[in-house]
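Going down the list, the protein sequences come from chains A and B.
Taking numbering that gives the first Met the number 0, the leading residue of the first sequence gets 0, the next gets one more, and so forth.
Taking numbering that gives the first Met the number 0, the leading residue of the second sequence gets 0, the next gets one more, and so forth.
Let me begin by presenting the structure, written as structure tokens, before commenting on it.
Number of protein chains: 2
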Amino acid sequence: MNAVATFADIAPVAEHGWSLDAWSSQGLARVEQALDRWVTAEVPMGLDHGAPAQLVAAMRYAVLDGGKRLRPLLVLAAHEAVCAHAGEATRDAALRAACAVELIHAYSLVHDDMPCMDNDVLRRGKPTVHVQFGEASALLAGDALQALAFELLTPQDGTVAPATQARLCALLARAAGSAGMAGGQAIDLASVGRPLTESQLREMHQLKTGALLQASVMMGAHCAQPGIQVAQALQSYGSAIGLAFQVVDDILDVTADSTTLGKTAGKDAENNKPTYVSLMGLQASRAYAQNLLRQALGALDGSGMVHTQALRALADMVVNRVS
Amino acid sequence: MNAVATFADIAPVAEHGWSLDAWSSQGLARVEQALDRWVTAEVPMGLDHGAPAQLVAAMRYAVLDGGKRLRPLLVLAAHEAVCAHAGEATRDAALRAACAVELIHAYSLVHDDMPCMDNDVLRRGKPTVHVQFGEASALLAGDALQALAFELLTPQDGTVAPATQARLCALLARAAGSAGMAGGQAIDLASVGRPLTESQLREMHQLKTGALLQASVMMGAHCAQPGIQVAQALQSYGSAIGLAFQVVDDILDVTADSTTLGKTAGKDAENNKPTYVSLMGLQASRAYAQNLLRQALGALDGSGMVHTQALRALADMVVNRVS
Numbered sequence: 000m001n002a003v004a005t006f007a008d009i010a011p012v013a014e015h016g017w018s019l020d021a022w023s024s025q026g027l028a029r030v031e032q033a034l035d036r037w038v039t040a041e042v043p044m045g046l047d048h049g050a051p052a053q054l055v056a057a058m059r060y061a062v063l064d065g066g067k068r069l070r071p072l073l074v075l076a077a078h079e080a081v082c083a084h085a086g087e088a089t090r091d092a093a094l095r096a097a098c099a100v101e102l103i104h105a106y107s108l109v110h111d112d113m114p115c116m117d118n119d120v121l122r123r124g125k126p127t128v129h130v131q132f133g134e135a136s137a138l139l140a141g142d143a144l145q146a147l148a149f150e151l152l153t154p155q156d157g158t159v160a161p162a163t164q165a166r167l168c169a170l171l172a173r174a175a176g177s178a179g180m181a182g183g184q185a186i187d188l189a190s191v192g193r194p195l196t197e198s199q200l201r202e203m204h205q206l207k208t209g210a211l212l213q214a215s216v217m218m219g220a221h222c223a224q225p226g227i228q229v230a231q232a233l234q235s236y237g238s239a240i241g242l243a244f245q246v247v248d249d250i251l252d253v254t255a256d257s258t259t260l261g262k263t264a265g266k267d268a269e270n271n272k273p274t275y276v277s278l279m280g281l282q283a284s285r286a287y288a289q290n291l292l293r294q295a296l297g298a299l300d301g302s303g304m305v306h307t308q309a310l311r312a313l314a315d316m317v318v319n320r321v322s
Numbered sequence: 000m001n002a003v004a005t006f007a008d009i010a011p012v013a014e015h016g017w018s019l020d021a022w023s024s025q026g027l028a029r030v031e032q033a034l035d036r037w038v039t040a041e042v043p044m045g046l047d048h049g050a051p052a053q054l055v056a057a058m059r060y061a062v063l064d065g066g067k068r069l070r071p072l073l074v075l076a077a078h079e080a081v082c083a084h085a086g087e088a089t090r091d092a093a094l095r096a097a098c099a100v101e102l103i104h105a106y107s108l109v110h111d112d113m114p115c116m117d118n119d120v121l122r123r124g125k126p127t128v129h130v131q132f133g134e135a136s137a138l139l140a141g142d143a144l145q146a147l148a149f150e151l152l153t154p155q156d157g158t159v160a161p162a163t164q165a166r167l168c169a170l171l172a173r174a175a176g177s178a179g180m181a182g183g184q185a186i187d188l189a190s191v192g193r194p195l196t197e198s199q200l201r202e203m204h205q206l207k208t209g210a211l212l213q214a215s216v217m218m219g220a221h222c223a224q225p226g227i228q229v230a231q232a233l234q235s236y237g238s239a240i241g242l243a244f245q246v247v248d249d250i251l252d253v254t255a256d257s258t259t260l261g262k263t264a265g266k267d268a269e270n271n272k273p274t275y276v277s278l279m280g281l282q283a284s285r286a287y288a289q290n291l292l293r294q295a296l297g298a299l300d301g302s303g304m305v306h307t308q309a310l311r312a313l314a315d316m317v318v319n320r321v322s
């Protein structure tokens, strides 16, 4: 996978010569290079030893050369929107935040695919980590990826202000934990085969997927110093696209095939999992996703931010993607 | 378990009326109360929802009312040694650090006990988390506990200086990750049934157990501002007791019964895992542990720190414990 291929099916949003393709290629090149550099066996501060090679191999397999990198792009887009032209000083922080949210996302997929969870064997068109490396290594690789996310946010080289480090760790920890992603997965687990109301389904997805997508936006913003109005606008934007992402995921689980998705399609229906499609039907789900897109864009309209092209184009991509 | 019972078998180290029993009772009361308060379903900053009850129940089961709390006590002892009489301002930071390391320790036990790892059914005299709550919940509870550790270190209420928050997250992330605890477990996993040299065994334990014990000491110190000499002394102290802890663990696996240990004894020999006892014999292992105790105490001697009673008594307890 490379950046250009990922967005090939999406119509670029042109605005004064700006295009999502060009913007995201540039951002993704930095993210991929940074992940390749940071997910390694190098010896970190204060420890005598590096990481064992077999564990690092499983971590790299889980992280590198795969995924749409939506969360890192949201971090970079929100950072750009808040910083406008003065973003150079906090560019390192934004890159680290972008990689950290991707590590949390990657670890969650590794654990989610394990036999005791979804028992999935295919992810991004490749065997899942536990199939490739064994269950114990998958468990440990996921654990180590979560720790690495917080390691990336706390460099000891003076490139990121300590107050920014603390704020980024706070946002990421809350989004990843029991009242965020892990909590949403627990509700998901408990809900298989049970009827949910729309509000229960929304709550589950707000935690499972929404919290980390929203944190991506807020972390990007907090690499700089967003004003209250800007922060509130980005909170609304993040909330809307977080929810939209899952609605579209549910739609694609029904309408796309496994090859296009790069993972097993139709799993939710097969597992009798409640989804937006099973709850409100395909057509209403599509209308709901478009409505959420309008909400996300509307939140940006009154925010006073100028450089919101990337945030707008990413919201569009989340809702109108085909995989 | 309560604080007094934990240390009932250990001769208190009396120095000017100071006793480990009294000191640790006081510290543990604060730690237990704080863990009880912080491992909850409360709604954290920036999120709309609290954590689902069933996940929090598994997390609380894994953390509360169990364990010797050695790591939290090391945090508090190191903080006290560095701060002497001026520690009030950083007391909250030390309590949060103490709880955070315990959460990391607790999550590692939950995942380590799972069928794909050690497949253990008994821990601290109770069914392990996956036996009690199921494998998927154990996996998620461990994941959420790791996130919660970083959440505890980054309060948004002004009680802990942002630079301290950043430093504590940095120390904990590195100790928990692929070049620390998770890395050590990966080596452990790969070493079952294989002969290891003493230096390979030491490296494995330095990562698996030593890194987090050493981080406990350094996190306690870095709640305040240790000088270079003090930091180096505590680094040596932490390194020695980290290693001693595992040597004694290996000894107890052979000499103690399951009831005393609160976990299944003799597992290492049964699994053909390399241990200090299998490598150097019981008597030499005991002598090695005593030698490491002398090293730990010696590191404190030349450090210039005055209030080292708790650190000394804890080192003694690590080496001379019976469970």
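Cβ atoms here follow ideal geometry from the backbone N, Cα and C, with glycine treated the same way.
Can you have a look at residue i and say buried or exposed, based on whether 16 or more other CB atoms are within 10 angstroms of its CB?
{"i": "B/L63", "result": "exposed"}
{"i": "A/G66", "result": "buried"}
{"i": "A/P225", "result": "buried"}
{"i": "B/T196", "result": "exposed"}
{"i": "B/E79", "result": "buried"}
{"i": "A/V305", "result": "exposed"}
{"i": "B/S198", "result": "exposed"}
{"i": "B/S277", "result": "buried"}
{"i": "A/G157", "result": "exposed"}
{"i": "A/A283", "result": "exposed"}
{"i": "A/G124", "result": "exposed"}
{"i": "B/S322", "result": "exposed"}
{"i": "A/R173", "result": "buried"}
{"i": "B/R122", "result": "buried"}
{"i": "A/A4", "result": "Only weak support is given to the placement of A/A4: the predicted model assigns it a pLDDT of 34, under 50, and the question is left unresolved by the model."}
To which residues of the same chain is residue i closer than 6 Å at the C-beta, ignoring the five residues directly before and after it?
{"i": "B/A223", "result": "V81, C82 and T89"}
{"i": "B/W17", "result": "Q308"}
{"i": "A/A148", "result": "A99, L102 and I103"}
{"i": "A/H204", "result": "Q245"}
{"i": "B/R320", "result": "none"}
{"i": "B/I9", "result": "Because the pLDDT of B/I9 is 41, which lies under 50, any placement of that residue in the model is unreliable, and the number read from its coordinates should be weighed accordingly. Excluding sequence neighbours, B/I9 sits near M316."}
{"i": "B/A298", "result": "A232, S235 and Y236"}
{"i": "A/V253", "result": "V276"}
Between the options, which has its C-alpha nearest residue i's C-alpha?
{"i": "A/D35", "options": "A/S18, A/A61 and A/A21", "result": "A/A61"}
{"i": "B/Y275", "options": "B/I250, B/R293 and B/L299", "result": "B/I250"}
{"i": "A/A135", "options": "B/A172, B/K125 and B/V109", "result": "B/V109"}
{"i": "A/G133", "options": "A/P114, A/S23 and A/L291", "result": "A/P114"}
{"i": "A/Q32", "options": "A/W22, A/L69 and A/R95", "result": "A/R95"}
{"i": "B/R201", "options": "B/V253, B/R166 and B/M279", "result": "B/M279"}
{"i": "A/N91", "options": "A/G141, A/P161 and A/R122", "result": "At residue 91 of chain A the sequence reads Asp, which differs from the Asn that was named. For the residues A/G141, A/P161 and A/R122, the minimum Cα distance to A/D91 belongs to A/P161."}
{"i": "A/G303", "options": "A/L69, A/L212, A/I227 and A/S322", "result": "A/I227"}
{"i": "A/A255", "options": "A/L281, A/A230 and A/S235", "result": "A/L281"}
{"i": "B/S107", "options": "B/A21, B/L206 and B/P194", "result": "B/L206"}
{"i": "A/Q213", "options": "A/Q155, A/V130, A/P126 and A/A295", "result": "A/A295"}
Could you tell me which residues DSSP puts in a beta bridge with residue i?
{"i": "B/P126", "result": "B/L121"}
Can you give the beta carbon distance from residue i to residue j, rounded, assuming they're within the 8 Å contact cut?
{"i": "A/V216", "j": "A/G237", "result": "4 Å"}
{"i": "A/K272", "j": "A/V191", "result": "6 Å"}
{"i": "A/V38", "j": "A/R59", "result": "5 Å"}
{"i": "A/A93", "j": "A/V74", "result": "6 Å"}
{"i": "A/T185", "j": "B/P51", "result": "The residue asked about is misnamed: residue 185 of chain A is Ala in this sequence, not Thr. Going by Cβ atoms, the distance from A/A185 to B/P51 rounds to 5 Å, so yes, they are a contact pair."}
{"i": "A/A146", "j": "B/A175", "result": "4 Å"}
{"i": "B/A105", "j": "A/S177", "result": "Contact doesn't hold; Cβ gap of about 13 Å is too wide."}
{"i": "A/L291", "j": "A/A239", "result": "5 Å"}
{"i": "A/P165", "j": "B/Q164", "result": "According to the sequence shown, residue 165 of chain A is Ala rather than Pro. With a Cβ gap of about 4 Å, A/A165 and B/Q164 count as contacting."}
{"i": "B/V317", "j": "B/L69", "result": "7 Å"}
{"i": "B/V128", "j": "B/D112", "result": "7 Å"}
Can you list, in chain order, the residues of its chain with a C-beta nearer than 8 Å to that of residue i? Leave out the 5 residues immediately preceding and following it.
{"i": "A/V12", "result": "Low confidence applies here, because A/V12 scores a pLDDT of 48, under 50, leaving its location unreliable; read the following figure in that light. Same-chain partners within the cutoff: S18, L19, Q308, R311, A312 and D315."}
{"i": "A/T208", "result": "M180, G183, G241, F244, Q245 and D248"}
{"i": "B/P71", "result": "G26, L27, V30, A97, C98, V100, E101 and S215"}
{"i": "A/L139", "result": "L54 and A57"}
{"i": "A/C168", "result": "F149, L152 and T153"}
{"i": "A/G301", "result": "A232"}
Does the ligand FAD have a heavy atom nearer than 7 Å to the CB of residue i?
{"i": "A/L75", "result": "Among the components of this structure there are no ligands whatsoever, and the ligand FAD is therefore not found."}
Within the same chain, show all residues whose beta-carbon is closer than 7 Å to that of residue i, passing over the 5 residues directly before and after it, in chain order.
{"i": "B/A77", "result": "V216, G219, A220, L233 and L310"}
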